[in-house]
Each structure stands twice: as structure tokens, then as C-alpha cells.
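Data first, discussion second: the structure below is written as C-alpha cells.
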Amino acid sequence: MAYPYKKMDEDDFAYIRSVTACDRVWVGDEIAREYYRDEMPEYGVFPPELYVEVINKEEISAIMAYAYENNIPVVCRGGGTGLAGGATCKYGGIMLSVMRMNRIFPVDHKNQTITAEPGALLLDIQQAAAVEGLFYPPDPGEKTASIGGNVITNAGGMKAVRYGLTRDFVRCIEAVLPDGSIMNFSSNVVKNTTGYAVKDLVIGSEGTLCILTQVTLKLLPAPTCSSTLVMPFGSLEDCADMVPKVLELPFVPTAIEFLERELIEIVERNLNKHFPVTDGEAVLIVMYDASSRQELDGAVEAAAEAALANGASDCYIADTPERAGTVWDVRGAILEGMKADSVSQEECDVVVPRSRIAEYVKAAKRIALSKGIRVEPCGHCGDGNIHTEMLRDKGMSDEEWKSATHACLKELYALSKELGGQLSGEHGIGNGRLEFLEEFVGPRMIQLYKAIKLAFDDRLILNPGKVVEFNK
0 MAYPYKKMDE
10 DDFAYIRSVT
20 ACDRVWVGDE
30 IAREYYRDEM
40 PEYGVFPPEL
50 YVEVINKEEI
60 SAIMAYAYEN
70 NIPVVCRGGG
80 TGLAGGATCK
90 YGGIMLSVMR
100 MNRIFPVDHK
110 NQTITAEPGA
120 LLLDIQQAAA
130 VEGLFYPPDP
140 GEKTASIGGN
150 VITNAGGMKA
160 VRYGLTRDFV
170 RCIEAVLPDG
180 SIMNFSSNVV
190 KNTTGYAVKD
200 LVIGSEGTLC
210 ILTQVTLKLL
220 PAPTCSSTLV
230 MPFGSLEDCA
240 DMVPKVLELP
250 FVPTAIEFLE
260 RELIEIVERN
270 LNKHFPVTDG
280 EAVLIVMYDA
290 SSRQELDGAV
300 EAAAEAALAN
310 GASDCYIADT
320 PERAGTVWDV
330 RGAILEGMKA
340 DSVSQEECDV
350 VVPRSRIAEY
360 VKAAKRIALS
370 KGIRVEPCGH
380 CGDGNIHTEM
390 LRDKGMSDEE
400 WKSATHACLK
410 ELYALSKELG
420 GQLSGEHGIG
430 NGRLEFLEEF
440 VGPRMIQLYK
450 AIKLAFDDRL
460 ILNPGKVVEF
470 NK
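Heads up: the sequence shown runs through residues 0 to 471, numbered per numbering that gives the first Met the number 0.
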């Protein structure tokens with residue numbers, strides 16, 4: 000195949016500068032160390048040979064055509080907020096940043112869409128839609144992520160239970176292929192059965208198939224009112240059992256999350272953020288939004304009654320932005336709280352059927368305890384995506400931690416598969432979960448992944464060694 004890759008030299012550096020600009024290219028030791036990794040350095044710290052900040056698709060096309068001809072690996076980087084070791088230069092080469100490509104174009108009201116370049120931030124797109132009375136629903140925890148990163152990882156978030164994933168809001172994509180070709184996948188139409196659904200294949204491909212240069216996103220009318228309910232339960236099992244009860248109601252919730260008391264206390268202790276409900280060993284957080292107060296009141300009343308009828312000790316209704324903020328501030332601070340409460344972390348973000356959530360969490364705790372690791376599960380129980388956070392405490396050596404987490408992950412992924420789940424709910428495979436993928440999906444699926452990769456990237460230069468690895 001493409002191995003070994005060419006080691007870049009002064010001629011290569013000069014060419015990249017000639018098609019971009021000298022003040023947007025850094026080489027060797029000039030490259031800031033923050034670009035060696037993403038938010039999970041545990042999944043690899045790899046220095047690029049060259050770092051370049053591009054400003055348009057023509058520059059990307061020229062760089063990719065040159066890299067293709069000269070067998071140089073290229074990794075595209077957005078905000079660097081990934082949690083799977085995906086945007087790292089595992090084999091050196093070029094790191095290509097699209098963060099200067101951050102234009103957001105005016106909202107198309109006739110089609111209810113918004114178009115943006117890949118470096119635009121999620122929060123800025125949400126704000127641009129809101130100013131026009133519209134709503135971009137995908138809401139992953141990291142709001143400073145780039146929209147290109149969201150699309151290429153098919154980001155989810157807390158509101159997926161009602162609105163779905165990023166894939167459900169992408170109308171069309173403009174992208175550069177590994178050989179430098181500029182392509183459009185679909186167009187700004189509501190439905191399309193023209194050939195294979197390549198657009199939907201690109202979404203979630205983790206930067207291994209092409210580089211996004213522009214994306215058009217579907218918008219919805221903005222809800223006019225919202226309310227958050229906190230339902231405390233005596234046990235996690237009772238809390239998880241409430242999830243199908245909520246989903247059986249005639250009102251579709253926007254988000255359903257669970258938190259155990261121990262995790263709430265970690266956030267309170269380390270970050271001084273106080274949760275408004277003090278009782279219950281586990282709490283279910285349910286959000287509703289609506290276009291009228293009457294609709295919202297009906298949903299809240301039905302959910303509160305169902306909670307009390309199914310074992311909740313109370314039902315706290317946060318019906319103002321300030322009250323809801325105290326709830327979601329704690330939920331949003333979980334990762335930060337766990338970082339403050341431990342030496343380092345490892346995460347397993349499996350997704351399981353909603354009916355198996357409590358079973359998975361109880362088994363995950365047993366598995367972690369048997370390996371001497373503290374574990375704190377939390378997650379989006381509306382869609383079964385459980386973030387199983389493993390925490391390293393003081394006194395554990397590097398070797399003990401590495402061995403214990405590896406053994407723990409192997410059992411957790413096997414557990415997810417046994418329960419009918421999947422390896423990753425939203426963070427992707429990247430480099431961090433690569434070694435577990437084949438055992439999970441099987442060799443025939445890996446063959447299909449490799450065939451898809453080769454169809455786009457026959458020289459294996461685009462983000463190599465992620466999602467699927469070829470033998471050297």
C-alpha cells in the first residue's frame with residue numbers, strides 16, 4: 000500500500016508555503032505541542048512534520064494533490080476537542096488546520112438551512128440560527144468544537160433522544176478527496192435517492208475519507224419555552240426503570256440523563272457547583288421544550304405524575320432558565336469534575352439498549368472494582384449512550400493503570416456486545432479504540448471498512464491508522 004510514507008524535506012515545506020503563505024506554515028520544533036494530540040493524550044502524542052492553517056478549499060486541494068503524488072500523510076484538525084485520539088499525526092506528515100475557514104453564511108429561510116465552513120464553532124452556528132428565530136438541535140457537551148469536527152464524528156449530545164444526531168441535520172457537504180478532487184455530496188434538498196448515500200457515509204468517517212470544506216445544515220423552528228425536571232430515586236435500577244415510562248408518555252422529551260449521587264458530589268466538592276436536589280442515590284433529569292406554554296405544562300404535569308407513581312421521592316421542576324441552569328451546569332461539569340478528582344482518566348462510551356442500562360452500569364462497576372479502578376458511569380439514558388469514566392487515583396503506577404484499564408475496557412466492550420450494544424455511542428474509534436474494533440464487529444466488517452477506505456483513499460494518506468488500520 001502506501002507504507003512507508005515519505006519523510007518531508009525542505010522541498011516539500013517550500014511547496015506548502017508556495018500554495019498557502021509563509022506565516023501560516025510551521026515546521027518541526029516550531030509547531031506548538033498542543034497540536035501533537037487531542038483532548039485524550041492517553042490515545043497518542045504524535046508530532047507533525049508540518050502544521051498549516053488553510054483558508055480555502057483551493058489550498059486544501061493543492062496540498063492534498065501534492066501529498067497524494069508524494070505519498071505524504073495528512074491529518075485534518077478542527078478544534079482538537081476529540082476524545083478518541085482521532086486528529087493526531089500517527090505517521091508524521093502534515094497537520095492541516097481548517098480553523099481559519101470559519102465563515103457562517105446567512106440563513107436560507109426558504110429552505111430553513113444554514114451553511115458554514117468547517118472551522119465555524121458549534122456555539123456560533125447555534126447563535127446564528129437563534130438570531131433568526133431558528134434552532135440547530137445537535138448539542139454535544141463541547142460547544143467550542145468545530146462544526147466540521149461535529150459532522151465528521153457524527154456528534155450526538157443530550158438532545159439526541161428527541162432530535163437525533165448530527166447526521167440527521169446535514170443536507171449537503173462540499174469536500175476535498177485525498178487526490179485533491181473537490182466534490183459535492185448531495186445538495187440542499189429534503190430527500191435524495193440518487194445513487195449511493197455517500198454523504199451519509201462521509202458523516203462520521205472521522206477524517207479518514209475526505210476533508211470537509213463546507214456543510215449545509217437543516218434548521219428547525221425554535222421552541223419558545225422549556226422546562227427541566229429532576230426525579231430522585233433510591234437506586235440506579237429504579238432510576239433506569241423510569242426511562243421507558245418517560246418515553247411511553249405522549250410528549251417526546253428533549254433530553255433524558257442520569258446521575259448518581261457520588262458523581263454529583265464529585266462536581267460539588269471539586270468545582271463548587273451545587274445541585275438543587277439533595278435526596279436520592281440517583282437522579283433522572285428530563286428536559287422538555289415546546290412551542291406553547293400549554294403544551295409544555297401538559298408534558299411536565301404528565302412526567303411529574305409518572306415519576307411519583309413509579310417510585311421517585313419527589314419531582315423538582317426547574318421552570319426558569321436560572322433554575323434549569325443549576326441542573327445542567329452540574330451535568331455539564333462532570334468531565335471537569337472527574338479530572339479534578341483523579342490523576343488521569345480513561346473513558347469507554349458504549350451504547351446499549353435502553354432496557355439494559357442498569358444492568359450495564361452495575362456490571363461495569365463490578366468489572367472496574369475487580370481491576371482496582373474507580374469508575375463513574377453517567378450518560379444519555381434516553382439513547383442508551385453510557386460514558387463509563389475510569390479514574391486513576393494517587394498511588395497507582397503507570398504500568399498498573401495501563402494494564403488495569405486495558406483489561407477493564409476489554410471486558411466492558413464484551414459486556415456491551417453481549418447486551419446488544421455498540422463499541423462507541425458518539426466519540427468514535429479514532430486511535431484509542433482501534434485495537435478493540437475487529438473483535439467487536441468481526442473480520443468481514445473490517446474488510447468492508449477497508450474497501451470503503453480504499454475507494455476514497457487508495458494511497459492511505461488521509462488520517463492513516465484511524466478507524467481501520469492496514470498492515471504495514
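Cβ coordinates follow ideal geometry from the N, Cα and C atoms, glycine included.
{"Query": "Environment of S96 [buried if 16+ CB atoms lie within 10 Å]", "Result": "buried"}
{"Query": "Rounded C-alpha distance that separates I263 from C209", "Result": "41 Å"}
{"Query": "Bridge partners - H273, DSSP secondary structure assignment", "Result": "DSSP output for H273 lists no bridge partner at all."}
{"Query": "A254 versus T87 - alpha carbon distance", "Result": "32 Å"}
{"Query": "Environment of M0 [buried if 16+ CB atoms lie within 10 Å]", "Result": "Annotation note: pLDDT 49 at M0 (below 50); position unreliable, no value reported."}
{"Query": "C-alpha gap between G78 and S396, whole angstroms", "Result": "31 Å"}
{"Query": "Whole-Å CB distance - R353 paired with V242, under 8 Å assumed", "Result": "6 Å"}
{"Query": "Contact the region 225-234 vs the region 301-315: 3+ CB pairs below 8 Å", "Result": "yes"}
{"Query": "Neighbourhood of I124 by C-beta, 8 Å cutoff - its chain only, sequence neighbours within 5 removed", "Result": "I103, I113, A115, Y135, I146 and L216"}
{"Query": "Outcome for E484 when other beta-carbon atoms lying within 10 angstroms are tallied against a minimum of 16", "Result": "For the chain, the structure presents residues 0 to 471; residue 484 sits outside this window and is missing."}
{"Query": "CB contact flag (V350, G383, <7 Å)", "Result": "yes"}
{"Query": "Coil, strand or helix - A454 by DSSP", "Result": "helix"}
{"Query": "As assigned by DSSP and simplified to three states, the class of K449", "Result": "helix"}
{"Query": "C-beta contact flag for F439 and K409 at 7 Å", "Result": "no"}
{"Query": "Residue span of the alpha helix (DSSP H) that contains V299, given as start and end", "Result": "R292 to A308"}
{"Query": "Exposed unless 16 or more other CB atoms sit within 10 angstroms - verdict on M444", "Result": "exposed"}
{"Query": "For N110, the nearest candidate out of K190, M94 and I54 (CA to CA)", "Result": "K190"}
{"Query": "The ligand PLP heavy atom lying under 6 Å from the CB of K393", "Result": "Inclusion of the ligand PLP in the displayed structure is not the case, the ligand content being empty and no account of it being possible."}
{"Query": "Within-7 Å CB hit, G429 to chain C", "Result": "Among the protein chains of the structure shown there is no chain C, as only one such chain exists."}
{"Query": "Nearest-angstrom Cα separation, counted from C75 out to R486", "Result": "No statement about residue 486 is possible, as the shown extent of the chain runs from 0 to 471 and does not include it."}
{"Query": "First and last residue of the uninterrupted beta strand (DSSP E) at C21", "Result": "Where C21 is concerned, there is no enclosing beta strand (DSSP E), given that its DSSP letter is neither H nor E."}
{"Query": "L164 burial status per 10 Å Cβ neighbour count (16 or more: buried)", "Result": "buried"}
{"Query": "Run of the beta strand (DSSP E) containing S369, from where it starts to where it stops", "Result": "Taken as a continuous stretch (DSSP letters only), S369 belongs to no beta strand (DSSP E), being part of the alpha helix (DSSP H) at I356 to S369."}
{"Query": "Three CB pairs or more closer than 8 Å across the region 19-37 and the region 51-59", "Result": "yes"}
{"Query": "Presumed contact (8 Å Cβ cut-off) between V214 and V150, rounded CB distance", "Result": "5 Å"}
{"Query": "Contact belief for K137 with F168 at Cβ below 8 Å, rounded distance in angstroms", "Result": "The residue you asked about is not Lys; residue 137 is Pro in the sequence shown. The pair is a contact, with the Cβ atoms about 6 Å apart (cut-off 8 Å)."}
{"Query": "S204 to R36 span [Cα, whole Å]", "Result": "19 Å"}
{"Query": "Segments assigned beta strand (DSSP E), at least 3 residues, entirely inside the region 22-107", "Result": "24-26, 49-52, 73-76 and 93-96"}
{"Query": "For Y162, the three-state DSSP class (helix, strand or coil)", "Result": "helix"}
{"Query": "Bridge partners - G378, DSSP secondary structure assignment", "Result": "F257 and I385"}
{"Query": "Spatial distance of K158 from G194 (CA atoms)", "Result": "31 Å"}
{"Query": "Buried or exposed (CB count within 10 angstroms, at least 16 for buried), E33", "Result": "exposed"}
{"Query": "Span separating the alpha-carbon of N101 from that of L422", "Result": "32 Å"}
{"Query": "Residue environment, K393, which counts as buried when at least 16 other CB atoms sit within 10 Å", "Result": "exposed"}
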